[in-house]
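Residue numbers for the sequence shown follow the numbering used here, so the first one is 4 and each next one is one higher.
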Amino acid sequence: MSYRLMYVVIAFLLVVKSTVAAPFSRIVVFGDSLLDAGNVQAMSSGELPPWPAYYQGRWTNGPVFSDYLAERLGLPTPEASRRGGTNYAHSGAETGWDWTDESITFSVPGMGLQVDDFLANDSPTDSDLIIIYGGYNDLDPGRQTNARIPAENVIQHARTLYDAGGRHFLIPNLFPDSDPSQNSLRQSFNGWLTFGLSQLRRDYPVADFYFFNSYDFMIDLYNHRGQNGLIFTGHALNMTTGEVAANPNRYLCWDAPWCHVNTHVHELQADMIYDKNFAALPEPSSWSLLVTAMLAWRPRCKNSIAAAAKHNSFF
């Protein structure tokens, strides 16, 4: 390889790195109780979640998957927006622009209002990883029966954030439900979400729309419950006394009647999201090492050629 060609290759790799695999600088979250990092706790002056066993305002017994994913990516934990962070998720939130009753004393902002709040005080950048995850509360019994509407809301939030400067999005689908009618709605939602993601990728080819199949993830956990030790009946937290069962991470459901998954399931989810979407992205240090190594190669290569010519050892 000539020196000129070597430097052309280095320059090309650096351009590819900056446009295709740029490192993320932070995670911004929009969603409901599965990712709430303490916003409802802040709104309720600490009354919700209802027991001390809930972890730092999260609706489970430890970090949620956005926390674990931030750790895997080497990013700051996205803390609750009402405490100065970038996690705008609120327990009880639906996907739209309405306020939803969380208790008899207050309501919580839907995901559309969460996005509006973010844009009123901040701006997405091309190095943000934006998580948009919701739809469960819309499809609760007695609420929305047309799953297309919340799915399209989620897609619209991605469009709004793209127009404001966002370029990297993670949009998971919904877990299954043990109730057949509810599960049918979730399957319909997931189908419309998949369709919407295909439109996003068509309309915005320069953006990344990462997907995680939460539905299949949960089915796989159930099918391998003998190996992973998860218990799919009951729940770890006694909602009457606040007592926690021994080995709470063995129970899929941390609490009832909502069945928020335990923190171990969140961790497994984050690990799989990382492995499927981000593990192949080169770390910045890897690129700097590559450039350093190639630059260091030049004098060694020059000396090796000179030595080989002296001893007539070319083949």
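Ideal placement from N, C-alpha and C gives every residue a C-beta, glycine not left out.
DSSP three-state assignment for residue i, whether helix, strand or coil
i      : result
ASN90  : strand
ARG29  : strand
TYR10  : Legend: pLDDT at TYR10 = 49, less than 50; position of this residue unreliable, no value from coordinates given.
VAL43  : helix
ALA83  : strand
THR295 : Caution is warranted here: a pLDDT of 46 is assigned to THR295, below 50, making its placement in the model unreliable, and no coordinate value can be reported.
LEU213 : The question names Leu, but residue 213 is Tyr in the sequence shown. If DSSP states are grouped into helix, strand and coil, TYR213 belongs with the strands.
LEU76  : helix
TRP100 : coil
SER110 : strand
LEU38  : coil
LYS20  : Low confidence applies here, because LYS20 scores a pLDDT of 37, under 50, leaving its location unreliable; read the following figure in that light. Note: LYS20 maps to helix in three-state DSSP.
VAL67  : coil
LEU240 : strand
TYR57  : coil
TYR225 : helix
TYR207 : coil
TRP195 : helix
SER201 : helix
GLU105 : coil
Beta-carbon proximity list for residue i, same chain, < 8 Å, skipping 5 on both sides
i      : result
PRO251 : ASN64, ALA239, LEU240, TRP257 and ASN265
TYR277 : LEU72, ARG75 and LEU76
PHE109 : MET46 and SER47
GLU82  : ALA40, GLY41, GLY88, THR89 and ASN90
GLY60  : ASP39, ALA40, GLY41, ASN42, VAL43, GLN44, ALA45, PRO52 and ALA83
VAL254 : Residue identity differs from the one stated: residue 254 is Tyr in this sequence, not Val. Closer than 8 Å at the Cβ level, and outside the excluded window around TYR254, lie LEU233, ILE234, GLY237, HIS238, ALA239, ALA248 and ASN265.
TRP58  : Checking the sequence, you will find Tyr at residue 58 rather than Trp. So the list reads ASN64, GLY65, PRO66 and THR266, once near-sequence residues are dropped.
Cβ neighbours of residue i in the same chain (closer than 7 Å, five flanking residues each side left out)
i      : result
LEU177 : GLY138, TYR139, ARG189, PHE192, ASN193, SER217 and TYR218
TYR225 : PHE235
THR163 : VAL118
THR80  : ASP70 and ALA73
ARG86  : GLY41 and ALA45
PRO127 : VAL31, ILE133, LEU164, ALA167, GLY168 and GLY169
GLN147 : ASP141 and PRO153
TYR207 : TYR165
ARG204 : PHE212
Minimum C-alpha distance to residue i - residue among the options
i      : options                           : result
ASP274 : PHE215, TRP54, PRO260 and PRO52   : PHE215
GLU97  : ASN90, SER84, GLN117 and GLY87    : GLN117
PRO153 : LEU196, THR236, GLU50 and SER84   : LEU196
ASP119 : ASP131, GLY99 and GLU105          : GLY99
ASN149 : PRO183, SER187, SER181 and MET114 : SER187
PHE212 : GLY199, PRO144 and THR244         : GLY199
HIS269 : TYR207, PRO66 and PRO183          : PRO66
ASP35  : GLY145, GLU246, HIS227 and ALA92  : ALA92
PRO144 : LYS279, PHE281, ASN280 and TRP261 : TRP261
SER201 : SER184, GLU155 and HIS227         : GLU155
PHE281 : GLY115, ARG151, LEU173 and VAL111 : LEU173
Residue i: CB within 8 Å of a non-hydrogen atom of the ligand MG
i      : result
PHE235 : Because no ligand of any kind appears in the structure shown, any question about the ligand MG cannot be addressed here.
Beta-carbon gap between residue i and residue j smaller than 9 Å
i      : j      : result
HIS267 : LEU37  : no
THR89  : ARG29  : yes
ILE158 : PHE33  : no
ASP129 : GLY169 : yes
HIS160 : ALA210 : no
LEU142 : GLU105 : no
PHE68  : GLN272 : yes
LEU78  : PHE121 : no
MET242 : TRP54  : yes
ASP101 : GLY113 : yes
PRO179 : MET221 : yes
GLY245 : ALA123 : no
Spatial neighbours of residue i in its chain, beta-carbon cut-off 6 Å, leaving aside the 5 residues before and after
i      : result
LEU298 : Any answer about LEU298 is weak, because its pLDDT of 48 lies below 50 and its placement is not dependable; what the coordinates show is given next. Result list for LEU298: empty, nothing under 6 Å.
ASN115 : Note that residue 115 corresponds to Gly in the displayed sequence, not to Asn. GLY99 and TRP100.
ARG151 : TRP195
Sequence ranges, alpha helix (DSSP H) only - wholly within the segment 116 to 189, length at least 4: 151 to 166
Entirely enclosed beta strand (DSSP E) segments - the segment 232 to 280, minimum 3 residues: none
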